[in-house]
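A.B. asks: Starting off with a structure, shown below.
In the numbering used here, the protein residues as written are 9 to 596.
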């Protein structure tokens, strides 16, 4: 669980200047190894620290970079998930339970879904323009929409919107924190017609609205090009850490959960009617089905299965909710309602869950494909769950409390996932611990490769990978991008580009640490470069060449630590900070 501690002014243990290395082999603070502990090594791991001669060096010839690029594909040859001896759920799990409409099933095998939940590849999640959930879709691989016509590779602040701060039970919550990603959407005019929007916003057919659920309890609505408020902020009185989610069918619904208790009561999850900006359904507050007591936090960004009208919401209380919404939307009249009639809950107990460490609960967001949900938890489990049987297919040990959302990636017709973990001080060590970045076979849960960094932590401000990995496409399709916090010093960190095939480093840049997730932005110009953008705890927004790691631009936001992750719509990046500001940034 991420605390409300904020470091708005920092004294770095090294200079604030960026240190950058480009390398094939791994350095002392980051090592790629073929499962040195022997749990389940993959065939593609690098051996004996040798450079991968079959891959590029990370510094390609610019003239041929575009020519060699293969367009991203989501074509999967087959997908039949099944555990191996190393990933059998029984190795790590004690039991699971299913509750349907308030009744716990005596035999999980008797669970029968009313409808089959499927989910296709991430590019099929929605036909709407925008970023509608954390990292865009059910693969969690698209935090940017469209392309940016970049020639100068510069960033310019277009606007800033002030937010607020609150103190609750001694915890200070300001602006936007982890994960804090905005939602971006281009509403059709017919949908906007009945919304409580400003009249100019309703008439602007090019309007893209940013929706920002913030730590101060407000939800902000902003035109991403001008920074003007499209409607009045909505005050819920609850702290929001997660991104929330919009309905992929274009229905004016916001699904969002609070991340802390408030004067309004215990934390809970909400469904909000965005026509009137009114809460129309609540759930999850002090749920008696939880094995984690009264804790009721919801940082995870939900997904909606459009075919079955089902909301899928993991909770930090250790419960996965499947809610049949029975949504009714009349676009012409401007009315929308939900009437949940079948609420299914699933919970689990791992063999090391409980007590003061290895907690129950899911703080990250789920990825889903073909009826199988992938999620990490606070107890060091990476789980693959069959949503139609509510049965664990496989479980992998990821060692520690994880806040990193699994990201799915199709490579050579096969499905993989990338994930990492944090270092919760006192669980594995009271000083430092290795933080692996894993590539996992999504069918079996077996580890293909891992690359590790040694990280430190302080109470309430963890090191390791608090962010979600960015998977490259287009000219960046050989790489993943990871920000690692508190490696090389308590206030230091890195962003690293790892090669998908081997886990070896293509390049690395050192600097102040970050919890913010990197985002890949793709160039609309045929001969242009694709870039990676990430934000740091020193309030700097960095633009890097995605293939070489060269710094293209630094932008000082000047308003405190940046924990939140950005979202991008074409050439506009939107990002909130702990310094009580939301920014719109032009990419040029």
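The C-beta atom is built at its ideal place from N, Cα and C for all residues, glycine as well.
Note that the coordinates shown come from a computational prediction; the quantities given were computed from them, not determined experimentally.
#1: Starting from residue 134, follow the alpha helix (DSSP H) in both directions and report where the run begins and ends.
#2: So, is residue 42 buried or exposed, given that buried needs 16 or more other C-beta atoms within 10 angstroms?
#3: Does at least one heavy atom of the ligand MG sit under 8 angstroms from the Cβ of residue 291?
#4: Looking at residue 277 and residue 263, is the spacing between their C-beta atoms short of 9 angstroms?
#5: Does the Cβ-Cβ distance between residue 582 and residue 230 come in under 9 angstroms?
#6: I'd like the list of long-range same chain contacts for residue 269, defined as Cβ closer than 6 angstroms, with 5 residues on each side in sequence excluded.
#7: Is the segment 520 to 536 touching the segment 156 to 168, taking contact as three or more C-beta pairs under 8 angstroms?
#8: Output needed for residue 387: all residues of its chain with C-beta closer than 7 angstroms, excluding positions within five of it in sequence on either side, in chain order.
#9: So, residue 162 versus residue 595, is the Cβ gap smaller than 9 angstroms?
#10: Out of 397, 364, 401, which one is the CA nearest neighbour of residue 382?
#11: Please classify residue 175 as buried or exposed, where buried requires at least 16 other C-beta atoms within 10 Å of its C-beta.
#12: Who pairs with residue 152 in a beta bridge, going by DSSP?
#13: Quick one: give me the first and last residue of the beta strand (DSSP E) that residue 207 is part of.
#14: For the segment 401 to 483, which segments carrying the beta strand (DSSP E) assignment without a break, of at least 3 residues, lie completely within its bounds, in sequence order?
#15: Within a Cβ cutoff of 8 angstroms, which residues of the same chain sit near residue 46, ignoring the five residues on either side of it in sequence?
#16: Cβ of residue 377 within 9 angstroms of Cβ of residue 127?
#17: Would you say residue 521 and residue 539 are within 9 angstroms of each other, going by their C-beta atoms?
#18: Which stretch, first to last residue, makes up the beta strand (DSSP E) that contains residue 173?
#19: Quick one: using the 10 Å Cβ neighbour count with 16 as the cut-off for buried, is residue 102 buried or exposed?
#20: How close, in whole Å, do the beta carbons of residue 490 and residue 456 come, if the pair is a contact with beta carbons under 8 angstroms?
#21: Please confirm whether residue 336 and residue 343 have their CB atoms less than 9 angstroms apart.
#22: In this structure, does DSSP put residue 121 in helix, strand or coil?
#23: Measuring CB to CB, does residue 499 end up less than 9 angstroms from residue 465?
#24: Pick from 232, 235, 304: whose alpha carbon is nearest that of residue 248?
#25: Of the residues 384, 348, 258, which one's Cα is nearest the Cα of residue 314?
#26: What's the C-alpha gap between residue 115 and residue 363?
#27: Quick one: any contact between the segment 235 to 255 and the segment 212 to 225, if contact means 3 or more CB pairs under 8 angstroms?
#28: Which of helix, strand or coil does DSSP assign to residue 596?
#29: Since residue 461 and residue 495 are thought to touch, with beta carbons under 8 angstroms apart, how far apart are those beta carbons, to the nearest angstrom?
#30: DSSP on residue 508, reduced to helix/strand/coil?
#31: Which whole-angstrom value describes the C-beta separation of residue 185 and residue 171, a residue pair presumed to lie in contact below a C-beta threshold of 8 angstroms?
#32: Please name the residue, chosen from 544, 468, 433, that lies closest to residue 564 on a Cα-to-Cα basis.
#33: Cα separation between residue 393 and residue 94?
#34: When you compare each of 481, 572, 131, 577 to residue 252 by their alpha carbons, which one comes out closest?
#35: Would you kindly check if the distance between the Cβ of residue 410 and the Cβ of residue 390 is under 9 angstroms?
#36: Of all the options 526, 468, 129, 508, which has the alpha carbon lying nearest to the alpha carbon of residue 179?
C.D. replies: Looking at the atomic coordinates:
#1: Per DSSP, residue 134 belongs to no alpha helix (DSSP H) and is neither H nor E.
#2: At residue 42, the pLDDT of 40 sits below 50, so the modelled position is not reliable; the number obtained from the coordinates is stated separately. In summary, residue 42 is buried, with 16 or more beta-carbon neighbours lying within 10 Å of its beta-carbon over all protein chains present.
#3: No copy of the ligand MG occurs in the structure displayed, which carries no ligand at all.
#4: Their beta carbons are under 9 angstroms apart, which means residue 263 touches residue 277 by this criterion.
#5: Taking 9 angstroms as the cut-off, the Cβ atoms of residue 582 and residue 230 count as close.
#6: Annotation for residue 269: 275 place their beta carbon closer than 6 angstroms to its own, counting only its chain and skipping 5 residues before and after.
#7: Output reads yes: the segment 156 to 168 touches the segment 520 to 536.
#8: These residues qualify, in order along the chain: 358, 360, 361, 366, 367, 368.
#9: Yes, Cβ-Cβ distance for residue 162 and residue 595 is below 9 angstroms.
#10: Nearest C-alpha to residue 382 among 397, 364, 401: 401.
#11: Under this definition residue 175 is an exposed residue.
#12: Answer is 576.
#13: For residue 207, no beta strand (DSSP E) segment is defined; the enclosing uninterrupted segment is the alpha helix (DSSP H) at 207 to 211.
#14: Fully enclosed beta strand (DSSP E) runs of 3 or longer: 415 to 419, 422 to 428, 440 to 449, 455 to 464.
#15: With a pLDDT of 36 at residue 46, under the threshold of 50, the modelled position of that residue is not reliable, and no figure is offered here.
#16: In this structure, residue 127 lies closer than 9 angstroms to residue 377 by Cβ.
#17: With contacts defined by Cβ atoms closer than 9 angstroms, residue 521 and residue 539 do not form a contacting pair.
#18: Secondary structure note for residue 173: its beta strand (DSSP E) is the uninterrupted segment 173 to 176.
#19: Burial is judged here by how many other beta carbons sit within 10 angstroms of a residue's own beta carbon; residue 102 has fewer than 16 and is exposed.
#20: Wrong, their Cβ atoms sit about 15 angstroms apart, outside the cutoff.
#21: With contacts defined as CB atoms closer than 9 angstroms, residue 336 and residue 343 qualify as a contacting pair.
#22: In this structure, residue 121 counts as coil in the three-state DSSP scheme.
#23: Contact annotation: residue 499 and residue 465 have beta-carbon atoms that are not nearer than 9 angstroms.
#24: Checked all of 232, 235, 304; the closest Cα to residue 248 is 304.
#25: Nearest of 384, 348, 258 to residue 314, Cα basis: 258.
#26: Rounded to the nearest angstrom, the two C-alpha atoms are 27 angstroms apart.
#27: Segments in contact, yes.
#28: Correct three-state label for residue 596: coil.
#29: In this structure residue 461 touches residue 495 by the C-beta definition: roughly 5 angstroms separates them, less than 8 angstroms.
#30: DSSP, reduced to helix, strand and coil, places residue 508 outside both helices and strands of the structure shown, so it counts as coil.
#31: Not quite, the Cβ-Cβ distance comes to about 11 angstroms (not below 8 angstroms), so this is no contact.
#32: Closest option to residue 564, Cα to Cα, is 544.
#33: Roughly 16 angstroms between the two C-alpha positions.
#34: The shortest C-alpha separation from residue 252 is found at 572.
#35: In this structure, residue 390 places its C-beta atom within 9 angstroms of the C-beta atom of residue 410.
#36: Of the candidates 526, 468, 129, 508, 468 places its Cα closest to the Cα of residue 179.
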